[in-house]
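Asker: Numbering of the sequence shown is given in numbering that gives the first Met the number 0, commencing with residue 0 and proceeding in unit increments.
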Amino acid sequence: MLVVGAVAFSAAVVSDVSQPATAPMATVPPMVQPLQDDLQTLLESVKPNPPDLSPSTTDQLQAAVTEMAGHAADEDYAATESDLDDLQNHLAELLDSPTGTQISQNRGKTVQRAIDTVRDDLAELK
C-alpha cells in the first residue's frame, strides 16, 4: 500500500515538471497605431531563440527596442528615429561579425524587415 502511494506521488511530481515554464512576453507601451503593433513585432523579432540569436545579443537588442518604444510612447519621434538608426547600425555590426555566432542571417533579415516597417511608420508621423 505504501509503494502505491509513493508511485502516485512520483507520477504527480513528474507530470508537473513536464510542463515547460513560459516567460511572460515583453510588450511595448500604448501608443499610436500602427507604430505600437510594429514595435511589438520588432520586439518579438529579437526574442531569445538559440542558436540563431545569442543570449547576450538578445539582451542588447531587447534593451534597445524597449528604450525605443519608451520614446515612441512619449511621442518623441526624433529620439525614436535616432534609436532606430542605432539599432540598424548594431544589427549591421552583428551580421558582419567574423564569428557569425551572435545572430543568424535569417534572424537578421527578420529583424531588418521589422526595422524597415517601424521606419515607415515614423516617416508617416512626421
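In this text, a Cβ means the ideal position worked out from N, Cα and C, and glycines have one as well.
1. Given this structure, state the Cα-to-Cα distance separating Ala63 from Thr98, to the nearest angstrom.
2. Along the chain, where does the alpha helix (DSSP H) containing Glu123 start, and where does it finish?
3. Kindly examine the ligand SAM and report whether one of its heavy atoms sits closer than 7 Å to the Cβ of Glu123.
4. Smallest Cα separation from Gln122: which of Ser96, Ala71, Asp58?
5. So that I know if they touch, is there some Cβ in chain B lying closer than 8 Å to that of Asp37?
6. Do Val117 and Asp37 have their CB atoms nearer than 8 Å?
7. Just the Cα atoms here: how many angstroms apart are Ser55 and Gly107?
8. What residue does the alpha helix (DSSP H) around Thr40 start on, and which one ends it?
9. Note down the Cα distance separating Leu42 from Leu83, rounded to an integer number of angstroms.
10. CB Val110 to CB Ala68, shorter than 8 Å?
11. Just curious, the alpha helix (DSSP H) that Leu94 is in, first and last residue?
12. So the alpha helix (DSSP H) Pro54 belongs to, where does it begin and stop?
Answerer: Let's see:
1. Position 64 of the sequence shown, counted from the start, is the residue given in the question as residue 63. Position 99 of the sequence shown, counted from the start, is the residue given in the question as residue 98. Taking the straight line from one Cα to the other gives about 22 Å.
2. As a first step, residue 123 must be located in the sequence shown, where it is residue number 124. Unbroken alpha helix (DSSP H) run through Glu123: 104-124.
3. In terms of ligand content, the structure shown is empty, and the ligand SAM therefore cannot be addressed.
4. The count along the sequence shown starts at 1 and reaches residue 122 at position 123. The sequence shown places Ala at residue 122, not Gln. Residue Ala71 is the option with its Cα nearest to Ala122.
5. Going by chain labels, chain B is absent from the structure shown, which holds only one protein chain.
6. By one-based count along the sequence shown, residue 117 stands at place 118. By one-based count along the sequence shown, residue 37 stands at place 38. Yes, these two residues count as a Cβ contact at 8 Å.
7. Looking up residue 55 in the sequence shown gives position 56. Looking up residue 107 in the sequence shown gives position 108. In a straight line, the C-alpha of Ser55 is about 15 Å away from that of Gly107.
8. Counting from 1 along the sequence shown, the entry for residue 40 is found at position 41. Where Thr40 is concerned, the enclosing alpha helix (DSSP H) starts and stops at 34-44.
9. Translated into positions along the sequence shown, residue 42 becomes position 43. Translated into positions along the sequence shown, residue 83 becomes position 84. Those two C-alpha atoms are separated by around 12 Å.
10. Here residue 110 is taken as the residue at index 111 of the sequence shown, counted from 1. Here residue 68 is taken as the residue at index 69 of the sequence shown, counted from 1. The Cβ atoms of Val110 and Ala68 do not sit closer than 8 Å to each other.
11. Numbered from 1 along the sequence shown, position 95 holds the residue referred to as residue 94. Run containing Leu94: 76-94, per the alpha helix (DSSP H) assignment.
12. On the sequence shown, position 55 is the one that residue 54 refers to. Per DSSP, the continuous alpha helix (DSSP H) segment holding Pro54 begins and ends at 54-72.
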